[in-house]
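Colleague: Here it is: the structure, laid out below.
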Amino acid sequence: MHTDPPTKNRRLSVPPAAAVPLAAAVAIALSSCSVADTAPRKSGGAPAAAPQEISFLTFETPNLPPEYWDAAIERVTDKHPEIKVKKLVTPTVDRTGYAKQLLASGQFPDVMLAVKPTDIGAAQNLYAWRPDELKDFIVPDGGAIDGKVYQLPANTQTIPNVYYRKSMFEKAGIAAPPKTYADLLDAAAKLKAKGITPFVVGGGKDAFPSVLPLTATVATEVYKKNPNWMLDRRAGKTKFADPDFVKALSLVGDLAGKGYIDKSMVSLDYAATEQAFLKGKGAMYPMGSWFAAAGDKSDIKDDVGVFAWPTADGAPLLPGYTGGGLEVNANSRHLDAAKKFTLAFQLDKANLDNSVKSDALFPAIKGYTPPADTGPVFKATYALWTEHVQGNATVKAFSWETGGDALIAGMTEKVYAAVQDVIIGMKSAQDAAAYLDAEWEKAS
Amino acid sequence: MTTDVGTRRRRAAAITATARRRRLIWRDLGHFGVFAAPGMLVYLCFVLAPIVVSFGYSLTSYNPFNPPTTFVGGRNYALLLRDEEFLTALRVTVILTVILVVVPNVAGLAVAVLLDRKGWFYNAWRATFFVPVVLSSVVVSVVWTRLLADDGVVNQVLGWAGVPKVGWLSDPDLALYSLAAIMAWQMLGFCVVVYLAGLQAVPHELQEAASIDGAGPVARFRRVTWPLLAPALTINTVVLLITAFKAYDHIQVITNGGPGSGSTATIAFVILHTGFTANRQGYASAMAVVMLVIIATASAITLRLLQRREVRL
Chain B
11 MHTDPPTKNR
21 RLSVPPAAAV
31 PLAAAVAIAL
41 SSCSVADTAP
51 RKSGGAPAAA
61 PQEISFLTFE
71 TPNLPPEYWD
81 AAIERVTDKH
91 PEIKVKKLVT
101 PTVDRTGYAK
111 QLLASGQFPD
121 VMLAVKPTDI
131 GAAQNLYAWR
141 PDELKDFIVP
151 DGGAIDGKVY
161 QLPANTQTIP
171 NVYYRKSMFE
181 KAGIAAPPKT
191 YADLLDAAAK
201 LKAKGITPFV
211 VGGGKDAFPS
221 VLPLTATVAT
231 EVYKKNPNWM
241 LDRRAGKTKF
251 ADPDFVKALS
261 LVGDLAGKGY
271 IDKSMVSLDY
281 AATEQAFLKG
291 KGAMYPMGSW
301 FAAAGDKSDI
311 KDDVGVFAWP
321 TADGAPLLPG
331 YTGGGLEVNA
341 NSRHLDAAKK
351 FTLAFQLDKA
361 NLDNSVKSDA
371 LFPAIKGYTP
381 PADTGPVFKA
391 TYALWTEHVQ
401 GNATVKAFSW
411 ETGGDALIAG
421 MTEKVYAAVQ
431 DVIIGMKSAQ
441 DAAAYLDAEW
451 EKAS
Chain L
10 MTTDVGTRRR
20 RAAAITATAR
30 RRRLIWRDLG
40 HFGVFAAPGM
50 LVYLCFVLAP
60 IVVSFGYSLT
70 SYNPFNPPTT
80 FVGGRNYALL
90 LRDEEFLTAL
100 RVTVILTVIL
110 VVVPNVAGLA
120 VAVLLDRKGW
130 FYNAWRATFF
140 VPVVLSSVVV
150 SVVWTRLLAD
160 DGVVNQVLGW
170 AGVPKVGWLS
180 DPDLALYSLA
190 AIMAWQMLGF
200 CVVVYLAGLQ
210 AVPHELQEAA
220 SIDGAGPVAR
230 FRRVTWPLLA
240 PALTINTVVL
250 LITAFKAYDH
260 IQVITNGGPG
270 SGSTATIAFV
280 ILHTGFTANR
290 QGYASAMAVV
300 MLVIIATASA
310 ITLRLLQRRE
320 VRL
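Each protein sequence line maps, in turn, to chains B and L. Taking the working numbering, the leading residue of the first sequence gets 11, the next gets one more, and so forth. Taking the working numbering, the leading residue of the second sequence gets 10, the next gets one more, and so forth.
Structure below.
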């Protein structure tokens with residue numbers, strides 16, 4: 011091995027050329043090893059004159075393209091030039107999963123939208139709105155967790171509605187939308203006989219489109235009898251293996267077993283599922299009220315009708331949930347600016363109108379009425395909701411709850427997987443229910 | 010007296026030589042430390058420390074959103090042994106690994122042998138085969154999701170030939186194999202390039218000598234080329250093995266672990282979902298430690314076997 015001759019003055023053995031990279035490497039390594047700054051910060055740290063930059067986590071769907079968010083943010087920042095907004099976008103529609111990644115890496119946004127408070131440690135990480143800040147909301151305690159509201163109860167969504175193609179119903183000789191569950195099965199049989207796939211039910215990487223039929227059957231078989239079923243499940247008083255819940259699962263399995271749900275569509279993600287319905291790949295599309303926006307933008311808007319998933323006896327019932335609004339990071343560096351932006355964004359009339367037109371939301375804001383120039387699909391969906399509210403015939407939407415009445419963290423994805431298992435025939439309803447109970451125990 | 014002086018001188022010389030040797034050793038160690046320290050610090054911070062921390066978490070009930078964290082000892086590891094989801098993921102990972110190690114290796118060797126010629130035509134084909142390797146796995150996944158969709162190009166082409174629609178991604182019995190095929194397709198180019206490098210390093214004289222001795226093309230490949238490709242085989246096998254074990258992105262984009270509960274969920278996929286969706290980071294850490302042990306063991310055994318073969322050949 012070659013070695014340099016020893017000299018008296020080289021005992022330190024640190025060649026000068028190596029000192030710089032060494033120091034840089036040490037600095038990088040030490041900074042990488044340091045703990046992220048997670049200490050709560052007080053607002054008002056920046057000079058009053060400089061705009062305070064806050065980050066806002068949004069998500070994009072076919073209904074909510076980038077332009078929608080940019081325009082909505084600009085409307086608020088035009089009114090509040092002291093606030094600057096950095097828009098973040100989730101990589102998929104899983105807002106909660108992405109928000110958790112950001113939280114874990116010390117990049118939790120200042121403001122976020124429709125992130126499940128129960129999954130993200132609301133008490134530690136989200137700002138609890140004061141009652142006076144919620145005075146403009148119709149359901150000020152919507153989605154509360156232990157009496158505290160972390161997510162603005164900004165809008166109501168009905169989940170699912172059954173959207174249907176009037177022309178396909180006509181072709182199959184179905185005179186009117188089904189009133190009872192037997193009518194629904196009869197309609198499905200007629201459609202299938204005509205070579206039309208009765209239901210469009212997707213899933214794919216987004217997974218949630220698979221759960222819509224189950225949300226409907228849980229409403230009719232479980233929540234109708236016990237509106238507090240989920241609270242009871244959290245308290246250990248009910249189980250997924252209870253007969254009513256198993257029946258809800260088996261009704262979905264029966265629809266797939268009879269060929270009324272095309273199993274191959276389970277690989278379609280949300281956008282592809284929507285396109286499948288719009289392109290006529292099936293006659294009925296169980297989906298949340300937000301579909302009305304896409305329906306109204308489509309060429310077939312006048313061919314789309316809507317009805318509530320029918321109960322066995324024909325009694326009216328429509329699942330829905332009020333919540334879905336913005337949330338604020340409790341430890342935001344600019345908490346006051348984040349709160350100001352959030353309330354301004356959520357209560358801005360133009361933003362509300364656009365949320366109606368773009369995402370077919372039903373703003374749950376006092377004194378608000380949707381614009382008159384909405385499309386026929388939205389009008390029909392909104393009328394269906396109004397009719398059920400007036401008839402006191404609404405229940406919560408299973409798996410879509412976000413407050414103290416929600417599935418525990420990690421269970422929503424298990425529910426999606428279980429219902430897919432039932433649809434594709436990998437599990438019986440009983441096995442799927444047992445799987446959910448087992449997963450619940452693991453997640454508890 | 011003279012002997013005493015001589016002995017003392019020899020001793021003194023020996024002591025001086027020892028001291029000099031020690032100084033040299035310390036100086037060498039100093040040099041080594043200076044040049045190795047940056048790499049070692051990075052390795053310590055980004056590899057060893059996370060492993061130690063993960064192992065620590067794996068002995069707890071750590072859930073960042075559900076404090077307090079308690080020490081549970083080996084309970085997480087005991088739970089893994091009867092966790093249906095984890096065992097299914099293990100099975101899925103093993104199937105994926107077998108396919109991903111065998112298919113691109115065999116196909117890559119065949120393509121490399123075909124392309125081991127000179128000229129622009131073969132260069133163009135080499136570039137074509139390598140393109141998928143440099144593409145983002147997300148891009149590849151999105152493209153193949155569209156191609157294999159229910160009404161995608163693949164089913165349309167099969168439809169023209171009278172073949173009924175195939176649920177490439179929606180049939181739980183097929184989805185894993187579809188995924189494996191996509192990943193194998195993407196890794197094929199890598200194997201081709203490594204084998205081509207190996208083929209081009211085979212001395213021409215050996216081939217000529219074998220020809221003169223009367224060896225035909227098959228015998229020349231079997232007796233001369235294949236033994237000399239042993240290092241390429243080692244590289245491809247180990248890289249593919251590790252790629253398969255940590256498969257996540259294709260699955261996240263194409264099937265999200267489905268259809269159904271875990272039909273395409275690998276261990277890496279389950280770890281991420283357990284840790285970051287269900288927030289059970291203590292339990293997910295236990296899974297990660299088990300995965301690390303499996304990958305390290307499988308890689309070490311494979312390397313040992315293949316390197317022994319290299320030496321033997």
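C-beta: ideal position from N, C-alpha, C; glycine also.
What does the Cβ neighbour count give for Y415/B, buried or exposed, with the cut at 16 atoms within 10 Å?
Modeller: First, the amino acid is wrong: residue 415/B is Asp here, not Tyr. Answer is buried; the Cβ neighbour count reaches 16.
Colleague: Just to check my reading of the structure: S166/B and A374/B have Cβ atoms closer than 8 Å, yes? What is that Cβ distance to the nearest angstrom?
Modeller: The identity of residue 166/B in the sequence shown is Thr, whereas the question assumes Ser. Between A374/B and T166/B the Cβ distance is about 5 Å, and since that is below 8 Å, they are a contact.
Colleague: Would you kindly work out how many angstroms separate the C-alpha atoms of W153/L and G324/B, rounded to a whole number?
Modeller: The alpha-carbon atoms of W153/L and G324/B are separated by roughly 44 Å.
Colleague: Taking 9 Å as the cut-off, decide whether the C-beta atoms of S274/B and K174/L are in contact.
Modeller: In this structure, K174/L lies closer than 9 Å to S274/B by Cβ.
Colleague: So if I threshold CB-CB distances at 9 Å, which residues from the segment 106-123 of chain B count as touching chain L?
Modeller: Hits within the stretch, in order: T106, G107, K110, Q111, L113 and A114.
Colleague: Could you tell me which chain D residues have their CB closer than 9 Å to the CB of S146/L, listed as they occur along the chain?
Modeller: The chain labelled as chain D is not found among the protein chains of the depicted structure, namely B and L.
Colleague: Please classify F209/B: does DSSP put it in a helix, a strand, or coil?
Modeller: In the structure shown, F209/B sits in a strand (DSSP, three-state: E or B).
Colleague: So which residues on chain B does A26/L lean against when the C-beta distance must stay under 8 Å?
Modeller: None at all; the shortest Cβ gap to chain B is about 12 Å.
Colleague: Mind pulling the chain B residues with CB within less than 9 Å of V101/L?
Modeller: Under the 9 Å cutoff, chain B gives no residues; its nearest Cβ is about 14 Å from V101/L.
Colleague: Need the endpoints of the alpha helix (DSSP H) that Y426/B sits in, please.
Modeller: Counting along the chain, the alpha helix (DSSP H) containing Y426/B begins and ends at M421 to I434.
Colleague: Classify L194/B as buried or exposed, calling it buried when 16 or more other Cβ atoms lie within 10 Å of its own Cβ.
Modeller: So L194/B ends up on the buried side.
Colleague: Which chain L residues sit within Cβ distance under 9 Å of E423/B?
Modeller: Here the neighbours are N265, G266, H282, T286 and A287.
Colleague: Looking at chain B, is there any beta carbon in it that lies within less than 9 Å of the beta carbon of L88/L?
Modeller: Cβ-Cβ to chain B under 9 Å: yes for L88/L.
Colleague: How big is the Cα-Cα spacing for R244/B and A182/B?
Modeller: C-alpha separation (whole angstroms): 44 Å.
Colleague: Across which residues does DSSP place M122/B in a beta bridge pair?
Modeller: Its beta-bridge partners are L67/B and E337/B.
Colleague: Could you run through the segment 258-278 of chain B and flag, in chain order, every residue whose CB is less than 9 Å away from some CB of chain L?
Modeller: Listed in sequence order: D272, K273, S274, M275, V276, S277 and L278.
Colleague: What whole-angstrom Cβ distance do D120/B and N339/B have, given they're in contact under 8 Å?
Modeller: D120/B to N339/B, Cβ: 5 Å. Contact.
Colleague: I'd like to know if the segment 78-89 of chain B and the segment 306-317 of chain B are in contact, where contact means that at least 3 CB-CB pairs between them fall below 8 Å.
Modeller: As far as the Cβ criterion goes, the segment 78-89 of chain B does not touch the segment 306-317 of chain B, which means the pair count is below three.
Colleague: Can you tell me which of A154/B, A82/B and L201/B puts its alpha carbon nearest to the alpha carbon of K176/B?
Modeller: Closest option to K176/B, Cα to Cα, is L201/B.
Colleague: Looking at the secondary structure, which residues open and close the beta strand (DSSP E) in which T404/B lies?
Modeller: T404/B -> beta strand (DSSP E) spans T404 to K406.
Colleague: V262/L touches chain B at which residues, Cβ-Cβ below 7 Å?
Modeller: Those within 7 Å of V262/L in chain B are K215.
Colleague: Could you list the residues in the segment 68-95 of chain L with a C-beta less than 9 Å from some C-beta on chain B, going in chain order?
Modeller: Per Cβ criterion, the list reads N72, P73, F74, N75, P76, L88, D92, E93 and E94.
Colleague: Considering only their Cβ atoms, is the gap separating T207/B from A293/B smaller than 9 Å?
Modeller: Yes. Within cutoff.
Colleague: Would the beta-carbon of A277/L fall within 9 Å of that of T102/L?
Modeller: Yes, the Cβ-Cβ distance between A277/L and T102/L is below 9 Å.
Colleague: In this structure, what does DSSP give as the bridge partners for P373/B?
Modeller: Partner(s): N165/B.
Colleague: Rounded to a whole number of angstroms, what is the C-alpha to C-alpha distance between S294/L and D272/B?
Modeller: Between S294/L and D272/B, the C-alpha separation is close to 38 Å.
Colleague: Would you verify that the beta carbon of S179/L is, or is not, closer than 9 Å to some beta carbon of chain B?
Modeller: S179/L counts as touching chain B.
Colleague: Can you name the residues of chain L whose CB is closer than 7 Å to the CB of D431/B?
Modeller: Chain L residues near D431/B: G269 and S270.
Colleague: On a Cα-Cα basis, can you pick out the residue from V149/B, D196/B and I155/B that is closest to A138/B?
Modeller: Per the Cα distances, I155/B.
Colleague: Measure from the alpha carbon of F209/B to the alpha carbon of each residue in L288/B, S299/B, K126/B and D80/B, then state which is nearest.
Modeller: Among L288/B, S299/B, K126/B and D80/B, the Cα nearest to that of F209/B is on L288/B.
Colleague: My parser needs the alpha helix (DSSP H) runs of 4 or more residues fully inside the segment 238-303 of chain B; what are they?
Modeller: You should have 239-244, 253-267 and 280-288.
Colleague: Go ahead and label R343/B buried or exposed: buried means 16 or more other beta carbons lie within 10 angstroms of its beta carbon, across all protein chains shown.
Modeller: It counts as buried.
Colleague: Along the beta strand (DSSP E) that carries Y174/B, what are the first and last residues, could you check?
Modeller: From DSSP, the beta strand (DSSP E) with Y174/B extends over N171 to R175.
Colleague: Look up G315/B in the DSSP assignment and say whether it is helix, strand or coil.
Modeller: It is a strand residue.
Colleague: State the CB to CB distance for the pair N171/B and S299/B, rounded to an integer number of angstroms; the pair is presumed to be in contact (CB under 8 Å).
Modeller: Contact holds; Cβ gap of about 6 Å.
Colleague: What span of residues does the alpha helix (DSSP H) with K89/B cover, start to end?
Modeller: Unbroken alpha helix (DSSP H) run through K89/B: P76 to K89.
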